[in-house]
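Below: one structure, written as structure tokens.
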Amino acid sequence: MVDLLKQEMNKKNRLIFLAMAVFLVIVTILMAVIGKDTRTLDGYKLMNTFGGITPVIELLATIITATRFAGVDSNKQVRQNMEKHSKITIFFSKIFTCMIGYFILLALSVLTIIFMKYLVFPESAFAGKLAQELQWATLGNIAYVFIFESFVIMVIGFCKTWYGAIAFGVVLNYITELIAGIFMIFIYNNRQLIWNPFNFFFVEKQIQDGMKHMMTRLTLNQIIAGSIVYAGIFIVIGFIIFVFIRKFKTDDELIAKRQAKKNKKQKLQTA
């Protein structure tokens, strides 16, 4: 496991992660400054909206997950590691890598938000209500990333390139919310639909804004617990697909397969 974690955190990946961290800090600072100048943020909203950087940290988490679980580079690494390690160990090494990367970015975000609160909004004391809002916003971010990235792990295996995996992961963010929105049309007349998995993709929005309860029809405890349960289900399905179904074809194998199809097509045309 240690050997696998070292591979996942090689020099190239560390440099990419460092660039992500720097980008996240810069965006957090800019959001606070711009929010102050445009009066779209104050001390309370800075805490309540997680500094306005929720989409950014979720994008970075998706990039980490997508590049670990899909693409020919990832497949090649898995094939090599299968000579010494089991697929189960490889799967969990990737899970741990994603978790470590996300929680480092999360901690960095929280520290930067607190710093910008004192720098840009010093008039609001960071105690009581503000501290509680940041705690809830952080919890909401964790719950959403947990369920969404689990869903990404479950469905992303078919992507052949890392950039395709990233693009698909980003698109999934909008697809899940769109499907959840469609279900909401029917929730008002069919209460049992509140337990559909896509309803729980609004976990972060409901934690940040209690009025979103009117959309999901779920209590805060229900939506947090449901997110954890569904995320666990997605992880289990993703695990089964990773260990028992995926073939992890390398670039050479994909090229050979395309060439074989091309040769077969040419033979049929000349026949």
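Position one of the sequence shown corresponds to residue 70 (our numbering), numbered consecutively onward.
Built from N, CA and C at the ideal position, the CB exists for glycine as well.
What you are looking at is a predicted structure, and each value in this text was computed from that prediction instead of being measured.
Where residue i falls: helix, strand or coil (DSSP)
{"i": "Leu-110", "result": "coil"}
{"i": "Cys-167", "result": "helix"}
{"i": "Arg-315", "result": "coil"}
{"i": "Ala-236", "result": "helix"}
{"i": "Ile-122", "result": "coil"}
{"i": "Glu-192", "result": "coil"}
{"i": "Ala-212", "result": "helix"}
{"i": "Lys-229", "result": "coil"}
Assigned exposure category for residue i - 16 Cβ within 10 Å defines buried
{"i": "Ala-101", "result": "buried"}
{"i": "Ile-182", "result": "buried"}
{"i": "Pro-124", "result": "exposed"}
{"i": "Leu-129", "result": "buried"}
{"i": "Ser-155", "result": "exposed"}
{"i": "Gly-238", "result": "buried"}
{"i": "Pro-191", "result": "exposed"}
{"i": "Met-151", "result": "exposed"}
{"i": "Met-70", "result": "exposed"}
{"i": "Tyr-171", "result": "buried"}
{"i": "Thr-166", "result": "buried"}
Beta carbon of residue i nearer than 8 Å to that of residue j
{"i": "Arg-137", "j": "Glu-77", "result": "yes"}
{"i": "Ala-212", "j": "Glu-127", "result": "no"}
{"i": "Ala-234", "j": "Ala-135", "result": "yes"}
{"i": "Thr-97", "j": "Met-185", "result": "yes"}
Closer than 7 Å: residue i CB and nearest the ligand NAD heavy atom
{"i": "Ile-276", "result": "Questions concerning the ligand NAD fall outside what the structure shown contains, since it holds no ligand whatsoever."}
CB-CB length for residue i against residue j, believed under 8 Å
{"i": "Glu-218", "j": "Thr-131", "result": "7 Å"}
{"i": "Trp-205", "j": "Ile-122", "result": "Actually they are not in contact, since the Cβ atoms of Trp-205 and Ile-122 sit about 16 Å apart, beyond 8 Å."}
{"i": "Val-147", "j": "Ile-159", "result": "6 Å"}
{"i": "Asn-268", "j": "Thr-285", "result": "5 Å"}
{"i": "Leu-110", "j": "Leu-177", "result": "Incorrect: roughly 19 Å between the Cβ atoms, too far for contact."}
{"i": "Gly-140", "j": "Lys-229", "result": "7 Å"}
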